[in-house]
Every structure is written in C-alpha cells, then in structure tokens.
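Everything below concerns the one structure shown next.
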Amino acid sequence: MERIVACITVLLFSVIFTVSAMAAEGGNPKKGKYLWKKNCKVCHVAGEEGGVLSPSTKTQKSWDRFFTKNKHKKKPEAWGKFSEKDLKDIQQYMYDHAMDSDQPETCG
Amino acid sequence: MSNLFWNSLSRRRFLGVTSLAIGAAALGTKAKVMEALASSVADGTAVQSIRNVFTSCGMCVNKCGVIARVRNGVIEKLDPNPHFIKSRGMLCARGNAGLDMVYSPDRLKYPLIRTGERGSGQFRRASWDEALDLVAKNLNELAEKYTRAGTMFVSTEGFQEHFFTTFAECYGSPNTLRHPTLCLSSNIQGFSATFGTNPTPDVLNADYILMSGANRSEALLTPDSIDMITGEGGKRKIVYLDPRFTKTAAKADEWYPIKPGTDMAFILGMIHVIVTESLYDKTWVETNTVGMEQLIPHIQPYTPEWAEAECEVPATDIRRIAREFAAAAPKAVYYQGRRSSFFDNDTQMRRAMAILNVLAANWDRPGGMVPNSKVKLEGHDYLAPWYEDVPERLEKGDVAYLSNKDGSWKYFRDRVLEGTPYPVKGMMIYKQNPLVSVPNRAKTLAMMEQMEFICTIDITMNDTAWYSDVVLPESTYLERDDPIESLGGILPVVTTRNAVIPAMYESKSNLWIMQQLAKRLSGEIFESFNFTMEEYRHHQLKGKPQIAEALELKGVYYPKTTPTYGKFDGKRLKTRSGKIEIYSAKYAKKGLDPLPVYTAPEEVPQGKFRLILGRNAYFTHGTTAHNALLDDIVAENTLWLNTREAKRMGLKHGQMVRVKSPLAEEQLRLQVTQKIRPDCVYLSHGYGVLNKKQQLLQGKGGSDAALVEDKVEPISGNVAMHQTFVEISAA
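Each protein sequence line maps, in turn, to chains A and B. Using our numbering, the first residue of the first sequence is number 43, and each one after it goes up by one. Using our numbering, the first residue of the second sequence is number 22, and each one after it goes up by one.
Right, dumping it as structure tokens:
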C-alpha cells in the first residue's frame, strides 16, 4: 500500500465540510493495527512519500470522514487493495487511538 | 569512598578527562564516557583503573542523572550528575543506595526452576537454555490450550519494559497488566478529561500551591520535591491538606488535617467562592473553555460552610484560601500529585482539582498547569504477527475508560478468579511484584494458585518470584546498556543508561531474555527483536547527533533550560470540543457525572480506624525495601496511632500490635504520634513479606497488601486504598 493519505493538507481542507460523523463500529482494532503497520506505515513515516501519520494525528471525526468520504483520494489504488472488512478494521484502530480518543495517557 | 576517589582524581583532572573522552567515545561502545588510569598513591605499584560513568538512576520512577565512580571494576559510589536539570543536580538517599542493588548477597544470580510446592521456596539452579526452553514450551502449550489471551503479562515502568510489552504483543496476548491502576490512573483520567492531557504543575514558578496528600518531601518526585521549597523571593505559599503531619506539612505554610476522602468538598467550596465572588478571568474562561454555564448553577450548593461540615477545614479558611488562590492566579496551582489510588471518587475529585485550576486561568502559563514537552526519538518499528481467534482484553467493558496497555488490576484479577469470559492460566511477570503491590493479597495468591505456569523476571527473590515456577535473573540498572529515554516535562530531557560494570553472575538484560524467548517461539516474532542494543540506540537517535553528543558530554540532553509557555494558545486540545472541558459531554454520554458531584465517604465505624498508606523518602514501594543501606535508616514499617487514642487504649509506643482488617491480621510495631488524626492509622507500604529469602525483611513490619480491601474507582479502574477500616489491639 502506498501513499495512504499522502497529502494531509488536501485532506484537512476536505474535512472542513460539515459531515455527520459516523463513529467506527464493529471493526477489529487489533487487526486494524496489524494491517496499518504492515501496509500503511511503509509510506507514512518520516522521509517517505506519505509523510508521518499516526492515529493520533487526527480526531475521531476526522478519521471517520476520511474513511467515509475521502477514501484516500490522493492515491485510490492504495485504498483498493483492501477489502471492506480490512478498511473497517483499520478505521476502528485509527478511531480508537485518535487524538481525542478515550485511550488514557499512561505512566512510563 | 568519594574521598579516596578524589585523592586520585581531582575535579580539574576529572573535567579534563571528560573533554578528552568526548572525542574518543562513541555511544554504545565500551568506552563509557570517561576513563582514566591513575597510579596508586598508597603503594606505588598497583595500577588502578578509575572510571566515571554517566548513567541514570533506577531506584524509582524519577531516573535522576548519576555519575557512577568505579575503581578496579567495583562501583564505589554513586553521585548526582550536576548537569541533570530534571533532578536539579541532586540524588536522594535511595539513589545513593543503588550500590546495594548490585552487591546484595541476596540478589538473584542464576535461572531457577521450582522443585517443591509453590511458595515452598524450593528451587534448583538451571542453565539459561533449560529455563528458557521451559518458558517457551509453556507459552506454546498455553496458547494451544487457552488461546494466546490465556497468558497475562505483568510489568511496570522501566527503560527495558518496552521489550516485555512488545514481546507480549508479538506473542499475541492482549492481556498486559501494568501499575497505573495501583497508582495514578484516576489522576490521569480526571485531568485528561478536562485538558485533554495530564499537565505538569509549574512548581518552580508558582506563587501559591495547594496540595492534597501529595507528600512531595517524602514521596519524592523530581523536580517538584526540590522546587517546592525554592519559590521566588519568598512569595511562595504552600497550603497542604493531609490527615498526617508529614515532612511536606512541616515545609508548608499551612497544614490542615483534612478528613480523609473529603478533599473534593474542600475544592468545591473553593470553587463556590471563586465563582460566586467572580474572582476568575471571565474573558479567558469564555474563550478557552466549555461548560462554565453548567458549572455556575452546579456549584451553588457547595458553600464553604457546607464544605466545612464535610472536610473539617473551617469555612473561614476555605474562603480566605480561595481568595488568596484567585489573587495569585495565574501563578497558582492546585497540585494534582501522582498516586491517586485513595478513594472510589478519585477521578471526579481530580476533575474538581482540574476545574479549580481552570478558574485560575493557569493553563500553559508560568506558575500554572503546563502541558508536557517531550523530545521525539525514533520509535521501535516492529510488526506483531496477527493471530486469529484471540479474544479481547479480559476485563474489557468493566471500566468506563480502560487503558488497553495498562488494564485494571482489580477487575482483571476478579475476572481471572471467576474464569470469565475465558480462562487465564499463564503469568509472565517483569519487574512488578503484585503480591506486595496489589490490595487483597489473598486474592492475588488465589489467582496465582490457579495458574498453570508462572515465570518472573526480576533482580531479587521477592514474594512474586517466590511463588513462581521459573525465575530469571535480570541484570540491575547499573550493569546494562539501556535504550535512550525521553522524559517529558516542562523542561524535557533525554537520558540513557550505560553499563557501569559488566553484568554479575549469570544475570542478563531483559532485552536479551526477550530475544532468547522470541527465538524459541518463532522466526516471525524474533524479527521484531533482531537487533543489538547499540543498533537500537543508534536508530532512536537517527538524525539527532546533538543528543548523542550531549549524552557523551554531560550524560543528559535538554533542548532548553527555560520553559516555553503558551505553545497551546489558539490550538486545538485533545478533548472532544478541542477546548478545556469544565463540563464533560463525553462523561454525560457515558452516564457519568459531567461535573464533579460530591459523595461523602463512609464514616469510620465505632472502635475502628481508617487505614491510610504512604511512604518515606528512603523507600520506593517493594522495590527498595530489601536494601541494606536503606535498611540502616528505616528497617521496618510501623503503625502510626494518635497519642490520644493510644492513651485511651492503653497502648505504648514501640510495642507490637495486631492490625485486623476484614481480610487479614498483621502484626507490627506501634508508633505513637500526634502527627495523625485520631480516626486514622497509617503504615508505609511494602513490608510484611511472605518469602524467606530476603533476609533483611524477615519478620519486619506488616503487609498493607494483606490488609487493604480491593475497593475500586470505576471510571479509571484505579484501586481505592484508603477505604479499609481496621481494629487495633495489643499483640
């Protein structure tokens, strides 16, 4: 998978439009983490095409908008590699660990 | 010992050697920071090797900077690193006593395999290969029988803990169980629900500090413990609430022996005054927060007079303190402390504290609540294999806000004992000692009893190791290279550990242990551990040569020496609204109180006392209890009882007493003192051990873990340790 969300700026502008947020539901966040790390992080690290990106880069609403509206429009072929179930799992992982998620900070 | 050293190597020479070494040494090599050869003055024949090694203390969570003085391969003294700004160039008694962690005759030396009944203490020495093969065999069998979630991974903070939790993830268990729900999880939850993060109080620059039971002069936290008594030009005022007259009380301007569990009433009383008298910056609050309109009616019933009836602090004082606090704002903080495992209302109590700070408009301001800064390092990029059919965390859904990584001890253990929703029959433990640290020891023992396999990695034969099947000896923090560690704060620092001496006996670093186990489990798992520590550290510092250079030169890196304030001005916070949330809509959505609602604690029953816990400055929980140098200062815990009550009961200072809770009875020595409320008794945590190996602790003191009931704070899953009532009688 290449260049998922390669152009964050474009995405940020795209999410300005008011869209009713659809909270991710039913995905498997553990599987989503695996898929994200295996496929997406190839491009989304410092120095690579997609630039640094992590679940906490965006809010839950932004992630939902990305997965329901944007769908990686910068590079749709990367999106097409995944099944619907895979995408749901990745969305759940991103949502569960978003900037404003319920995952508390920790110690150490 | 330091005198001997300085005779051989003057400070000028020391500094000269330092600068010479900078050019030669490279991070991760055996040339550690500074090395010199000095001729023996005494006999003129032997050549002495004298080395001075920058490292980081491992005696508690603070990680203070250390220079280890080594002569002929023996660590002679641990000194503070004067460059280490986080600890203000200081090292406490525990830090000095780190030597005994290395040279204690009772430390673990070899891998051990249990031969007798669990708890009998019968072990035999094993080779590393045999012990690791046995662990791997059991992990594979447990996965086969109970899924990979059938093994729990217990650990606590430390520079090499990451490798343990990574191993758990690569093995495939969702059930990691860490220390925060025995400590500060309710604190983090309460402040994060308000600010989107748990900020750091700018103690150094605050003019007015309120503290509730945060005993900073004894429960040391750097730099706060030092900064607390510094202040600026005598303007500093500290108001301290604690049922005990601690050493922090002695340093405070005012001390109130507040009724335990009622701090929220005191805080709400203060908020009432500040709101009704309009003592807050309305423009700032309107711009930066949400929920003030809900707070104003909510706070009306919580008058200082009402608060006095609850917390026993006079209403006139609450009113005055509130006005003083508001006048000092924004350089006024309600210091949230660290351990917050006191009562079952603790998250909401910390929410009240956070809201009071909001009314001081101290967010991201000098002397206020400052969001942490952190130096970013390159992370460990690993890929845990995916396993089908592994269930979710055991206690998922039991806590309003459960941390996936930390879990919740109380709920998790109950689930294991119930066997629902699935059995957990394996236990891997690194550095944590749950038999000493988790309330209701009988339950922990029962949980361990039903385990089919238990492996503990530690440096000493503590109680948990004593009840394990395989015990693996880890090298101490002075014997190993550790990862580079970025410590967040108002002034963030980067530090690391360099092996001061080679690992003694057959002890190994946790990284090595995890690598060996990973190899035995699968090639795919080992892929995530296939590196040396040198490579790992090199990766962490990729593109940041200035950090490597500073670590060589000064043993610490810091990007700045003065705080940066206002970096969040106009920026979105990590809350749902993006602003500071006085009213928590997400709490309301979960059916929780969106604003703190006070509930009075249960009254102390007639003839009983409330048991409260804490510690002294020579002691870090169970970790340092078994240390000969610290044992010289405080050898056992005692039961504090108010003088009036002791007289009434005919009990004498120094005599042995029985302490009986609904769970257990312990015996320890009585300390009669006026430094505690008459309705409370106190003991410090970590004594009364079960094992027969830690010689210094045999027959010493009583176990709080045995006595304290496992009550819980349901929003964060933190335990509530101050809700147990005990009876006292002569032994």
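Using N, Cα and C, we set each Cβ at its ideal position, and we do this for glycine too.
For Leu-718 (chain B), tell me which candidate among B:Val-618, B:Tyr-422 and B:Asp-484 has the shortest Cα-Cα distance.
On the second sequence, residue 718 (chain B) is found 697 positions in, with the first residue counted as 1. The candidate whose alpha carbon is nearest that of Leu-718 (chain B) is B:Asp-484.
Hey, out of B:Glu-495, B:Gly-723, B:Lys-107 and B:Arg-371, whose CA is closest to Ala-214 (chain B)'s CA?
Here residue 214 (chain B) refers to the residue found at position 193 when the second sequence is read from its first residue. When C-alpha distances from Ala-214 (chain B) are compared across B:Glu-495, B:Gly-723, B:Lys-107 and B:Arg-371, the shortest belongs to B:Arg-371.
Considering Lys-417 (chain B), what are the terminal residues of the alpha helix (DSSP H) in which it resides?
Position 396 of the second sequence, counted from the start, is the residue given in the question as residue 417 (chain B). Judged by DSSP secondary structure, Lys-417 (chain B) falls outside any alpha helix (DSSP H); it is assigned neither H nor E.
Rounded C-alpha distance that separates Ile-697 (chain B) from Asp-503 (chain B)
Here residue 697 (chain B) refers to the residue found at position 676 of the second sequence. Here residue 503 (chain B) refers to the residue found at position 482 of the second sequence. Ile-697 (chain B) and Asp-503 (chain B) have their C-alpha atoms roughly 42 Å apart.
Taking Cβ to Cβ, would you say Lys-113 (chain A) is nearer than 7 Å to Trp-121 (chain A)?
Residue numbering aside, residue 113 (chain A) sits at position 71 when the first sequence is read from its first letter. Residue numbering aside, residue 121 (chain A) sits at position 79 when the first sequence is read from its first letter. In this structure, Trp-121 (chain A) lies closer than 7 Å to Lys-113 (chain A) by Cβ.
Ile-522 (chain B) and Glu-500 (chain B) look like a contact to me (Cβ under 8 Å); what is the Cβ gap, rounded to whole Å?
On the second sequence, residue 522 (chain B) is found 501 positions in, with the first residue counted as 1. On the second sequence, residue 500 (chain B) is found 479 positions in, with the first residue counted as 1. Going by Cβ atoms, the distance from Ile-522 (chain B) to Glu-500 (chain B) rounds to 6 Å, so yes, they are a contact pair.
Could you check whether Ser-489 (chain B) and Thr-477 (chain B) sit closer than 7 Å to each other, using their CB atoms as the reference points?
By one-based count along the second sequence, residue 477 (chain B) stands at place 456. By one-based count along the second sequence, residue 489 (chain B) stands at place 468. Between Thr-477 (chain B) and Ser-489 (chain B), the gap from beta carbon to beta carbon is short of 7 Å.
What's the C-alpha gap between Val-87 (chain B) and Val-74 (chain B)?
The sequence position of residue 87 (chain B) within the second sequence is 66, counting from 1. The sequence position of residue 74 (chain B) within the second sequence is 53, counting from 1. Using only the alpha carbons, I get a separation of about 8 Å.
At least one CB of chain B closer than 7 Å to the CB of Pro-146 (chain A): is that the case?
If you number the first sequence from 1, residue 146 (chain A) lands on position 104. At a cut-off of 7 Å between beta carbons, Pro-146 (chain A) contacts chain B.
Nearest chain A C-beta to Asn-770 (chain B) closer than 7 Å, yes or no?
Residue 770 (chain B) is absent from the model: chain B starts at 22 and stops at 752.
Could you name the residues of the same chain whose beta carbon sits closer than 7 Å to that of Thr-251 (chain B), not counting the 5 residues immediately before and after it, in chain order?
One-based indexing of the second sequence puts residue 251 (chain B) at position 230. For Thr-251 (chain B), same chain residues with a beta-carbon under 7 Å away, outside a window of 5 residues either side, are Leu-225 in chain order.
Look at the Cβ atom of Lys-280 (chain B), then the Cβ atom of Glu-333 (chain B), and state whether they are nearer than 7 Å.
Working through the second sequence from its first residue, we reach residue 280 (chain B) at position 259. Working through the second sequence from its first residue, we reach residue 333 (chain B) at position 312. Yes, they are a contact pair.
Quick one, which of B:Pro-617, B:Arg-665 and B:Arg-434 has its alpha-carbon nearest Gly-290 (chain B)'s?
One-based indexing of the second sequence puts residue 290 (chain B) at position 269. If we check each option's Cα against that of Gly-290 (chain B), B:Pro-617 comes out closest.
Output needed in chain order: residues of the region 180 to 212 of chain B with a Cβ under 8 Å from some Cβ in chain A.
The residues in question are Glu-182, Pro-195, Arg-199, His-200, Pro-201, Cys-204, Leu-205, Ser-206, Ile-209 and Gln-210.
Evaluate the contact criterion for the region 422 to 430 of chain B versus the region 191 to 205 of chain B: three or more CB pairs, one atom per stretch, below 8 Å.
Yes, since at least three Cβ pairs between the region 422 to 430 of chain B and the region 191 to 205 of chain B fall closer than 8 Å, the two stretches touch.
So, do the region 575 to 584 of chain B and the region 511 to 519 of chain B have three or more beta carbon pairs nearer to each other than 8 Å?
Yes, the region 575 to 584 of chain B is in contact with the region 511 to 519 of chain B.
Within the same chain, show all residues whose beta-carbon is closer than 7 Å to that of Asp-142 (chain A), passing over the 5 residues directly before and after it, in chain order.
Walking along the first sequence from the start, residue 142 (chain A) turns up at place 100. Closer than 7 Å at Cβ, skipping near neighbours: Thr-101 and Gln-102.
Buried or exposed by the 16-neighbour rule on C-beta atoms within 10 Å, applied to Arg-145 (chain B)
Within the second sequence, the letter at position 124 stands for residue 145 (chain B). Taking all protein chains in view, the Cβ of Arg-145 (chain B) is surrounded by fewer than 16 other Cβ atoms within 10 Å, so the residue is classified as exposed.
Following the continuous beta strand (DSSP E) through Leu-689 (chain B), name the residue where it begins and the one where it ends.
Along the second sequence, read from residue 1 onward, the residue named residue 689 (chain B) stands at position 668. Counting along the chain, the beta strand (DSSP E) containing Leu-689 (chain B) begins and ends at 686 to 694.
Reference Pro-735 (chain B), options B:Glu-657, B:Asp-419 and B:Gly-312, closest by Cα
For the purposes of this step, residue 735 (chain B) is taken as residue 714 along the second sequence, with counting starting at 1. When only C-alpha atoms are compared, the closest one is B:Asp-419.
The region 741 to 751 of chain B in contact with the region 627 to 640 of chain B per 3-pair CB rule at 8 Å
Touching, per the Cβ criterion.
How big is the Cα-Cα spacing for Val-294 (chain B) and Gly-211 (chain B)?
Translated into positions along the second sequence, residue 294 (chain B) becomes position 273. Translated into positions along the second sequence, residue 211 (chain B) becomes position 190. Rounded to whole angstroms, Val-294 (chain B) to Gly-211 (chain B) spans 22 Å at the Cα level.
Drop a sphere of 10 angstroms on the beta-carbon of Asn-551 (chain B), count the other beta-carbons inside from all chains shown, and report buried for 16 or more, exposed for fewer.
Residue mapping note: residue 551 (chain B) aligns to position 530 of the second sequence, counting from 1. It counts as exposed.
Could you please give me the residues that DSSP links to Ser-750 (chain B) through a beta bridge?
Walking along the second sequence from the start, residue 750 (chain B) turns up at place 729. Answer by DSSP bridge pairing, in chain order: B:Arg-679.
According to DSSP, what are the bridge partners of Tyr-578 (chain B)?
Position 557 of the second sequence, counted from the first residue, corresponds to residue 578 (chain B). Tyr-578 (chain B) is bridged to B:Val-515.
DSSP three-state call for Ala-47 (chain B): helix, strand or coil?
Within the second sequence, numbered from 1, the residue matching residue 47 (chain B) stands at position 26. At Ala-47 (chain B) the pLDDT is 39, less than 50, meaning the model places this residue with poor confidence; the figure from the coordinates comes in the next sentence. Here Ala-47 (chain B) sits in coil by DSSP.
Look at the Cβ atom of Ala-638 (chain B), then the Cβ atom of Leu-262 (chain B), and state whether they are nearer than 7 Å.
Sequence index remark: in the second sequence, residue 638 (chain B) carries index 617 (1-based). Sequence index remark: in the second sequence, residue 262 (chain B) carries index 241 (1-based). No, the pair does not count as a contact, with Cβ atoms beyond the cut-off.
If you measure from the beta carbon of Asp-131 (chain A) to each beta carbon in chain B, is any gap under 7 Å?
For the purposes of this step, residue 131 (chain A) is taken as residue 89 along the first sequence, with counting starting at 1. Closer than 7 Å to the CB of Asp-131 (chain A) there is not a single CB belonging to chain B.
Amino acids of chain A, ordered along the chain, whose beta-carbon sits closer than 9 Å to that of Asp-427 (chain B):
Indexing the second sequence from 1 puts residue 427 (chain B) at position 406. Under the 9 Å cutoff, chain A gives Pro-146, Thr-148 and Cys-149.
Integer-rounded CB distance, given that Ala-752 (chain B) should sit under 8 Å from Met-677 (chain B)
Translated into positions along the second sequence, residue 677 (chain B) becomes position 656. Translated into positions along the second sequence, residue 752 (chain B) becomes position 731. Confirmed, about 4 Å.
Leu-562 (chain B) versus chain A: which residues are under 8 Å apart at the beta carbon?
Residue mapping note: residue 562 (chain B) aligns to position 541 of the second sequence, counting from 1. For Leu-562 (chain B), none of the residues of chain A pass the 8 Å Cβ criterion, the least Cβ distance being about 14 Å.
Does the separation of the CB atoms of Leu-754 (chain B) and Pro-455 (chain B) fall below 7 Å?
One cannot answer for residue 754 (chain B) here, as it falls past the ends of chain B, which runs 22 to 752.
Since I believe Leu-542 (chain B) is in contact with Ala-157 (chain B) (beta carbons under 8 Å), could you give me their beta-carbon distance rounded to a whole number of angstroms?
As a working mapping, residue 157 (chain B) is identified with position 136 in the second sequence. As a working mapping, residue 542 (chain B) is identified with position 521 in the second sequence. With 8 Å as the limit, Ala-157 (chain B) and Leu-542 (chain B) qualify as a contact, their Cβ atoms being about 6 Å apart.
Could you confirm whether any beta carbon from chain C is found closer than 7 Å to the beta carbon of Asp-142 (chain A)?
Absence of chain C from the displayed structure is noted, the protein chains being A and B.
Bridge partners for Asp-150 (chain B) per DSSP, in chain order?
To locate residue 150 (chain B), count along the second sequence from 1; it is residue 129. According to DSSP, Asp-150 (chain B) shares a beta bridge with no other residue.
Cβ separation of Glu-86 (chain A) and Leu-95 (chain A), assumed to be a contact under 8 Å, to the nearest whole Å:
The residue given as residue 86 (chain A) occupies position 44 in the first sequence. The residue given as residue 95 (chain A) occupies position 53 in the first sequence. The question names Glu, but residue 86 (chain A) is His in the sequence shown. So it is a contact: roughly 4 Å between Cβ atoms.
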